[in-house]
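So the structure is just underneath, and the comments pick up after that.
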Amino acid sequence: MRGWTAAVLLALGGACATARPLPAEPLAQAEAEVRAAQEIGAERVPEARLHLQQARDTIAAAREINNDDPDGAARKLDIARAQAELANALAREQIARSEADQAHAQLEALRTGKVSGGGAP
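The opening residue of the sequence shown carries number 1167 in this note's numbering; numbering runs sequentially from there.
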């Protein structure tokens, strides 16, 4: 009896301890997009920061449900990748707008003759 109980407990413990790994390719893609958004500066753009956090949360949710619903976890990873891509695009848009504003200000300064920078008049 004692051997049988130990075998059952061992089997149950082994079943609980074996977590199914997340699909490698979708996980790698989602995590790469999150890193890319972080590197471009998505944390500094409020709307991008929101989508970046949603991507992180969705990856965490995929990890949580993976054992019970691997297909659902894979879908969540696809969603996380898309959220991170959106964060990346929003951050890039903000950078482009800032650069355009700077260029416009420089152009306007040239037009009005108010050039800064120590050049000869």
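Backbone N, C-alpha and C fix where the C-beta goes; we use that ideal spot for every residue, glycine too.
Could you tell me which of the options sits nearest to residue i, measuring between CA atoms?
| i | options | result |
| --- | --- | --- |
| E1213 | I1206, G1279, L1256 | L1256 |
| L1188 | G1207, A1228, A1262, L1216 | A1228 |
| A1190 | D1267, R1263, Q1260, R1241 | R1241 |
| L1218 | P1192, E1199, D1235, E1230 | E1199 |
| L1216 | A1253, D1237, G1238, P1236 | A1253 |
| P1192 | I1245, Q1204, Q1260, K1280 | I1245 |
Applying the 10 Å Cβ sphere with the 16-neighbour rule, what's the burial state of residue i?
| i | result |
| --- | --- |
| A1196 | buried |
| A1194 | exposed |
| L1273 | exposed |
| L1243 | buried |
| A1271 | exposed |
| A1269 | exposed |
| A1239 | buried |
Could you check how far apart the C-beta atoms of residue i and residue j are, in whole angstroms? I think they sit under 8 Å.
| i | j | result |
| --- | --- | --- |
| N1233 | R1186 | 5 Å |
| R1258 | I1206 | 6 Å |
Less than 6 Å separating the Cβ of residue i from some heavy atom of the ligand MG?
| i | result |
| --- | --- |
| Q1249 | By its list of ligands, the structure shown contains no ligand whatsoever, and the ligand MG lies outside what it can speak to. |
### Message
Does the stretch 1243–1254 come into contact with the stretch 1220–1233, if we say contact requires no fewer than three beta-carbon pairs (one atom in each stretch) closer than 8 Å?
### Response
yes
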